[in-house]
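Below: the structure, in structure tokens.
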Amino acid sequence: MKKVTILLTAVMLSTASMYAQTWNLDKAHSRLGFTVTHLKVNDVDGYFKTFDATVTSEKPDFSDAVFSMTAQTNSIFTDNDQRDTHLKSPDFFDAANNPTVTFKSTTIRKTGDNTFVLTGNLTMHGVTKKITLDGSYKGPAIHPMTKKPDVGFKLTGKIKRTDFNIASSMGDAMVSDEIVLTANGEFQKG
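The numbering of the sequence shown is the working numbering, which starts it at 1212 and goes up by one.
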């Protein structure tokens, strides 16, 4: 009886992992961005040029999805060389000592047919905090060139830069403490 139980457990685990699907980021059709307010009067947008992400899910409605993302802090881009250099410096991201920003989801809760709330751990500037993001997805659709399923995800949320010890000495009047995050990603089934 013990051998049968072990055999059934092994079959169930291998069957469950067989249905797990990993969706890989289409970097050409994705963006990881942020918005800050400068001097309380103007929003300034930026993004990370170099990042990667995956979504793993066993269910076709993504109700069990796990999102993972890594961005290179040295790839920060705001379309202003002087500002980008300053953002990479120890005053902000300290890219030399903190080369990546990472996120891994811990829970997902569906809120509608194609919407959800995603909670996970964001690590930035050596600090890890739990954050919550609103999400939506479109698809899947068959990519006309690769003939593989594609799906698109959009994630939005807000964080405080001081929670991650980024420019903690800089006042909110200069650069807003609140940062708006926006990620748009197109993923292809691996």
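Beta carbons are placed, not taken as given, at the ideal position from N, Cα and C, and that holds for glycine.
Problem set entry | Boundaries (first-last residue) of the beta strand (DSSP E) holding residue 1320 | Position 109 of the sequence shown, counted from the start, is the residue given in the question as residue 1320. Residues 1311-1321.
Problem set entry | Rounded C-alpha distance that separates residue 1272 from residue 1302 | The residue labelled residue 1272 in the question sits at position 61 within the sequence shown. The residue labelled residue 1302 in the question sits at position 91 within the sequence shown. So the two alpha carbons sit approximately 42 Å from each other.
Exercise. Alpha carbon to alpha carbon, what distance is there between residue 1291 and residue 1330?
Worked result: Translated into positions along the sequence shown, residue 1330 becomes position 119. Translated into positions along the sequence shown, residue 1291 becomes position 80. Cα to Cα, residue 1330 sits roughly 32 Å from residue 1291.
Exercise. Hey, which unbroken runs of the beta strand (DSSP E) at 3 residues or more fall wholly within the segment 1270-1316?
Worked result: 1277-1283
Exercise. By how many angstroms is the C-alpha of residue 1306 removed from the C-alpha of residue 1382?
Worked result: Within the sequence shown, the letter at position 171 stands for residue 1382. Within the sequence shown, the letter at position 95 stands for residue 1306. Roughly 21 Å separates the two Cα atoms.
Exercise. What number of angstroms, rounded off, separates the C-alpha of residue 1299 from the C-alpha of residue 1284?
Worked result: Position 88 of the sequence shown holds residue 1299. Position 73 of the sequence shown holds residue 1284. So the two alpha carbons sit approximately 7 Å from each other.
Exercise. Considering only C-alpha positions, which residue in the set 1233, 1346, 1264 is nearest to residue 1279?
Worked result: The residue you call residue 1279 lines up with position 68 of the sequence shown. Nearest of 1233, 1346, 1264 to residue 1279, Cα basis: 1264.
For this session: Measure the C-alpha to C-alpha separation of residue 1294 and residue 1358 and round it to an integer number of angstroms.
Result: Counting from 1 along the sequence shown, the entry for residue 1294 is found at position 83. Counting from 1 along the sequence shown, the entry for residue 1358 is found at position 147. Using only the alpha carbons, I get a separation of about 42 Å.
Exercise. So the beta strand (DSSP E) residue 1338 belongs to, where does it begin and stop?
Worked result: Here residue 1338 refers to the residue found at position 127 of the sequence shown. It spans 1338-1353 - the beta strand (DSSP E) in which residue 1338 sits, taken as one unbroken run.
For this session: State the Cα-Cα distance for the pair residue 1362 and residue 1318, rounded to the nearest angstrom.
Result: As a first step, residue 1362 is located in the sequence shown; it is residue number 151 there, counting from the start. As a first step, residue 1318 is located in the sequence shown; it is residue number 107 there, counting from the start. Looking at the two C-alpha atoms, the distance is approximately 20 Å.
Problem set entry | Whether residue 1350 touches residue 1327 by CB criterion (8 Å) | The count along the sequence shown starts at 1 and reaches residue 1350 at position 139. The count along the sequence shown starts at 1 and reaches residue 1327 at position 116. No, they are not a contact pair.
Exercise. Among 1342, 1384, 1396, 1394, which one has its Cα closest to the Cα of residue 1375?
Worked result: Locating residue 1375 in the sequence shown gives position 164, counting from the first residue. The shortest C-alpha separation from residue 1375 is found at 1342.
For this session: Determine the contact status of residue 1282 and residue 1261, defining contact as a CB-CB distance below 8 Å.
Result: Numbered from its first residue, the sequence shown carries residue 1282 at position 71. Numbered from its first residue, the sequence shown carries residue 1261 at position 50. The answer is yes: Cβ separation under 8 Å.
Exercise. Considering only C-alpha positions, which residue in the set 1309, 1266, 1289, 1337 is nearest to residue 1315?
Worked result: As a working mapping, residue 1315 is identified with position 104 in the sequence shown. Comparing Cα-Cα distances from residue 1315 to each of 1309, 1266, 1289, 1337, the minimum goes to 1266.
Exercise. Run through DSSP, which three-state label would residue 1229 get?
Worked result: As a position in the sequence shown, residue 1229 is number 18, starting the count at 1. Note that residue 1229 scores a pLDDT of 45, beneath 50, so its modelled location is shaky and nothing firm can be said.
Exercise. So, using beta-carbon positions, are residue 1268 and residue 1276 closer together than 8 Å?
Worked result: Taking the first residue of the sequence shown as 1, we reach residue 1268 at position 57. Taking the first residue of the sequence shown as 1, we reach residue 1276 at position 65. It is a contact, given that the beta carbons lie within the stated cut-off.
Exercise. Residue 1239 by DSSP, collapsed to three states: which one?
Worked result: Here residue 1239 is taken as the residue at index 28 of the sequence shown, counted from 1. Correct three-state label for residue 1239: helix.
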